[in-house]
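So the sequences go chain by chain: A and R. Residue 36 is where the first sequence starts when you use the working numbering, and the numbers rise one by one after that. Residue 2 is where the second sequence starts when you use the working numbering, and the numbers rise one by one after that. Beta carbons: idealized from backbone N, C-alpha and C, even for Gly. The model shown is predicted, which means the values in this text are computed figures rather than measured ones.
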Amino acid sequence: MTDQLFALLSTYGLPVLFVILAISSAGVPFPITLMLIATGSLVAQGEMGLWPVLIVCSAGAITGDQIGYGLGRWGGRKLVHRVTKRFGGADMVKRAEAFTKRRGGLAIFLSRWLVTPLGPWLNLTSGITGYPWPRFLFWDVTGEVLWVVIYVGLGNIFSDRVGALADLLGNLTWVIVGVIAAGILGWKLLQYFRSSGDSSAKTKISADAYSPATEG
Amino acid sequence: MRIRKIIQTLKGFSWRQWLVLCAFLFFIGFTGHHAFLFVRDAIYWQYHQDEQIQGWMPVGYVAHSYRVPPHVLYLALGLPHKPPDKRPLSEIAKAQNRSMEEVSAVLQDAIVHARPPYPPPPPPPPDNGGAP
C-alpha cells in the first residue's frame, strides 16, 4: 500500500496528501508517519514548498479529526443512548462524560502528536461523550499543527534517511503508548492488591476482636 | 510471605481483574518488543549512513540519500533525467518488467561506480526531449 500511496503522491501532489491525511486521521491505518517525513524530505530537496506542505497537511489532519468527532457525536452518541436504555450503564456513561470534560483537552492534545495511534479513538469518544466542539477544535488544531511541524521538520533535517527515521519514530510512539497503557493497568492492579490487603487486615482485626484472648 | 499474599489475592480475583492482569502483561510484552526494535533501529541509525533501497522511494530520493547525482541513476535505469521521473521504484520496476531486487541491484551498482575511488560521473547527457 505504501508504494501505491507514494505513486499517487508523486502524480497528484498536495491534494492527495490532504486526502490521505484526512482519511488516516479519521481512523484508516495508512503509513502516515513515513509519508509526513518523506514530504519533509521532498521539501528539503526543493520539490515542494514548506508553507503549502504545512498548511495542507495540518488542514487534512484536522478535517479527518472533525469527521471522526462528527461520527461519534451524531452516530455514536445515539447508539450509546440506545444501548444504555436497553442494557443500563447510563451512570457509567455520565461518569465518562464528566471525566472527558475535565481531562479531555490534554488527552486530545497529546493524542495529536505524541501518542498518535490513539488519535482516531479520541475523536470518536470525544464526540460520543459530548466534549464541547469549540474546545475539541482548539486542542485539535494546536496538536495537529505541532505534529505536522515536528514530523515535516524532522524529515527536512534528516532528509536522506527517511525510512530509518520513520521506523525509529514509529517504534518510539508504540513504546510511549505501551508505557501509558501498562502504567494505567499497573496502577489499577496495585489498587486491587491494596484493597485486598486492607480487607484482609480488617478481617484479621475483627477476628482478633472476637478471639478468646481478647475476651479474657 | 509476600508471594503467598499475592497468590492469595490472585485467587480471589474476579474475571474482570484477571482481564486487567492479562492486559497489563500484554502491554509489558508489547512495550518491551517495541523498545527492542527502537534500540535496534537507533543502533542501525548510528552505524549505517545509507538507507536500504525500498519500493516506495523515487529515484530522486535514492540519489539524495546516497549523495550521488540523480542523472547517474536515471541513466542506469534507462530513463530520461529530464523531466525527472517521480514514480516510486516499484512502479518503475513494474513498467520495465523487472523485479524490485533487480532494480535495487542496478541502482546499487550505479551508486558504487559514482562514488570514490571511481572517477566522478560525467555531466548529464544533453536533453533530447526524453527520446531514448
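Rounded C-alpha distance that separates residue i from residue j
| i | j | result |
| --- | --- | --- |
| glycine 111 of chain A | valine 128 of chain A | 12 Å |
| alanine 132 of chain R | glycine 140 of chain A | With a pLDDT of only 45 at alanine 132 of chain R, under the threshold of 50, the placement of this residue in the model should not be trusted, and no figure is reported. |
| arginine 88 of chain R | valine 60 of chain R | 8 Å |
| glycine 130 of chain R | leucine 76 of chain R | Because the pLDDT of glycine 130 of chain R is 49, which lies under 50, any placement of that residue in the model is unreliable, and the question is left without a value. |
| cysteine 23 of chain R | phenylalanine 134 of chain A | 25 Å |
| proline 66 of chain A | leucine 181 of chain A | 19 Å |
| valine 183 of chain A | methionine 36 of chain A | 22 Å |
| valine 21 of chain R | isoleucine 215 of chain A | 14 Å |
| glycine 251 of chain A | arginine 5 of chain R | Because the pLDDT of glycine 251 of chain A is 38, which lies under 50, any placement of that residue in the model is unreliable, and the number read from its coordinates should be weighed accordingly. Their backbone Cα atoms lie some 32 Å apart in a straight line. |
| isoleucine 72 of chain A | glycine 79 of chain R | 29 Å |
| isoleucine 274 of chain A | glycine 218 of chain A | For residue 274 of chain A there is no data in the structure shown, the boundaries of chain A being 36 and 251. |
| threonine 151 of chain A | isoleucine 192 of chain A | 21 Å |
| methionine 101 of chain R | glycine 56 of chain R | 7 Å |
| serine 105 of chain R | glycine 107 of chain A | 46 Å |
| tryptophan 19 of chain R | glycine 124 of chain A | 22 Å |
| threonine 249 of chain A | tryptophan 16 of chain R | Its pLDDT being 48, under 50, threonine 249 of chain A is placed unreliably in this model, and the value from its coordinates should be taken loosely. Distance between the alpha carbons of threonine 249 of chain A and tryptophan 16 of chain R is about 38 Å. |
| phenylalanine 41 of chain A | methionine 70 of chain A | 8 Å |
| proline 118 of chain A | phenylalanine 171 of chain A | Here the sequence assigns valine to residue 118 of chain A, which means proline is not the residue at that position. Roughly 25 Å separates the two Cα atoms. |
| leucine 114 of chain A | arginine 147 of chain A | 26 Å |
| phenylalanine 14 of chain R | isoleucine 7 of chain R | 11 Å |
| methionine 58 of chain R | threonine 10 of chain R | 55 Å |
| arginine 99 of chain R | glycine 154 of chain A | 40 Å |
| phenylalanine 53 of chain A | glycine 165 of chain A | 27 Å |
| serine 231 of chain A | arginine 130 of chain A | 25 Å |
| threonine 68 of chain A | valine 88 of chain A | 14 Å |
| glutamate 179 of chain A | phenylalanine 173 of chain A | 10 Å |
| leucine 77 of chain A | phenylalanine 28 of chain R | 36 Å |
| glycine 62 of chain A | alanine 36 of chain R | 25 Å |
| arginine 3 of chain R | histidine 34 of chain R | 29 Å |
| tryptophan 86 of chain A | arginine 116 of chain R | 35 Å |
| glutamate 92 of chain R | glycine 81 of chain A | 22 Å |
| arginine 138 of chain A | leucine 43 of chain A | 39 Å |
| proline 125 of chain R | histidine 72 of chain R | 6 Å |
| lysine 120 of chain A | aspartate 126 of chain A | 11 Å |
| leucine 90 of chain R | proline 120 of chain R | 26 Å |
| phenylalanine 228 of chain A | glycine 221 of chain A | 11 Å |
| proline 118 of chain R | proline 70 of chain R | 16 Å |
Residue from the options whose Cα sits closest to the Cα of residue i
| i | options | result |
| --- | --- | --- |
| histidine 255 of chain A | A:Ile163, A:Leu145 and A:Val212 | Residue 255 of chain A lies beyond the stretch modelled for chain A, which goes from 36 to 251, so this question has no answer here. |
| valine 113 of chain R | R:Lys95, R:Val63 and R:Pro84 | R:Val63 |
| tryptophan 156 of chain A | A:Trp222, A:Leu114 and A:Ser60 | A:Ser60 |
| phenylalanine 25 of chain R | A:Arg229, A:Lys223 and A:Ser230 | A:Lys223 |
| proline 122 of chain R | R:Phe31, R:Ser66 and R:Leu74 | R:Leu74 |
| histidine 82 of chain R | R:Gln47, R:Phe31, R:Pro127 and R:Arg17 | R:Pro127 |
| threonine 160 of chain A | A:Phe65, A:Trp109 and A:Ile58 | A:Trp109 |
| aspartate 175 of chain A | A:Leu145, A:Val197, A:Pro66 and A:Leu200 | A:Leu145 |
| proline 169 of chain A | A:Gln101, A:Phe193, A:Phe53 and A:Leu153 | A:Gln101 |
| glutamine 47 of chain R | A:Arg196, A:Ser231 and A:Phe41 | A:Arg196 |
| glutamate 52 of chain R | A:Lys113, A:Gly198 and A:Pro87 | A:Gly198 |
| methionine 83 of chain A | A:Gly107, A:Pro64 and A:Leu49 | A:Leu49 |
| alanine 57 of chain A | A:Trp86, A:Val212, A:Thr46 and A:Tyr104 | A:Tyr104 |
| alanine 79 of chain A | A:Ile211, A:Gly221, A:Ser194 and A:Tyr227 | A:Ser194 |
| glycine 75 of chain A | A:Leu220, A:Arg229 and A:Gly188 | A:Gly188 |
| glutamine 109 of chain R | R:Tyr45, R:Ile54 and R:Phe31 | R:Ile54 |
| lysine 95 of chain R | A:Asp38, A:Ser230 and A:Thr177 | A:Asp38 |
| glycine 30 of chain R | A:Gly213, A:Ser231 and A:Tyr227 | A:Gly213 |
| glutamate 132 of chain A | A:Pro167, A:Phe122 and A:Leu149 | A:Pro167 |
| tyrosine 67 of chain R | R:Ile93, R:Arg99, R:Ala111 and R:Glu92 | R:Ala111 |
| tyrosine 45 of chain R | A:Tyr227, A:Val210, A:Ala201 and A:Arg229 | A:Ala201 |
| threonine 34 of chain A | R:Arg3, R:Pro85, R:Val69 and R:Lys12 | Residue 34 of chain A lies beyond the stretch modelled for chain A, which goes from 36 to 251, so this question has no answer here. |
| isoleucine 90 of chain A | A:Arg138, A:Thr177 and A:Gly221 | A:Thr177 |
| valine 210 of chain A | A:Phe228, A:Leu149, A:Gln226 and A:Gly190 | A:Leu149 |
Counterpart residues of residue i in DSSP-defined beta bridges
| i | result |
| --- | --- |
| proline 89 of chain R | R:Pro59 |
Neighbour flag for residue i against chain B, beta carbons, 7 Å
| i | result |
| --- | --- |
| aspartate 202 of chain A | Annotation note: the requested chain B is absent from the structure, which comprises protein chains A and R. |
For the region 216 to 230 of chain A, enumerate the residues whose C-beta is nearer than 8 Å to any C-beta of chain R, in chain order.
Ala216, Ala217, Leu220, Gly221, Lys223, Leu224, Tyr227 and Phe228
Taking Cβ-Cβ distances below 8 Å as the criterion, which residues of the region 168 to 198 of chain A are in contact with chain R?
Ser194, Asp195, Arg196, Val197 and Gly198
To be precise: take each residue of the region 64 to 78 of chain A, compare its Cβ to all Cβ atoms of chain R, and keep it if any distance is under 7 Å. Which residues remain?
Ser76
Which of the residues in the region 86 to 98 of chain R, read from start to end, lie with their CB under 7 Å from any CB of chain A?
Lys87, Arg88, Pro89, Ser91 and Glu92
Answer yes if the region 33 to 53 of chain R comes into contact with the region 191 to 207 of chain A, meaning at least three C-beta pairs across the two stretches below 8 Å, and no otherwise.
yes
Closer than 7 Å, Cβ to Cβ, to anything on chain A: give me those residues from the region 12 to 46 of chain R, in chain order.
Gly13, Gln18, Val21, Leu22, Ala24, Phe25, Phe28, Ile29, Phe31, Thr32, His35, Ala36, Leu38, Phe39, Asp42, Ala43, Tyr45 and Trp46
Residues from the region 70 to 82 of chain R in contact with chain A, defined by Cβ distance under 8 Å
none
If the cut-off is 7 Å on Cβ atoms, which residues from the region 83 to 109 of chain A count as contacting chain R, listed in chain order?
none
Using Cβ-Cβ distances below 7 Å, what residues of the region 37 to 55 of chain A are close to chain R?
Thr37, Asp38, Phe41, Ala42 and Ser45
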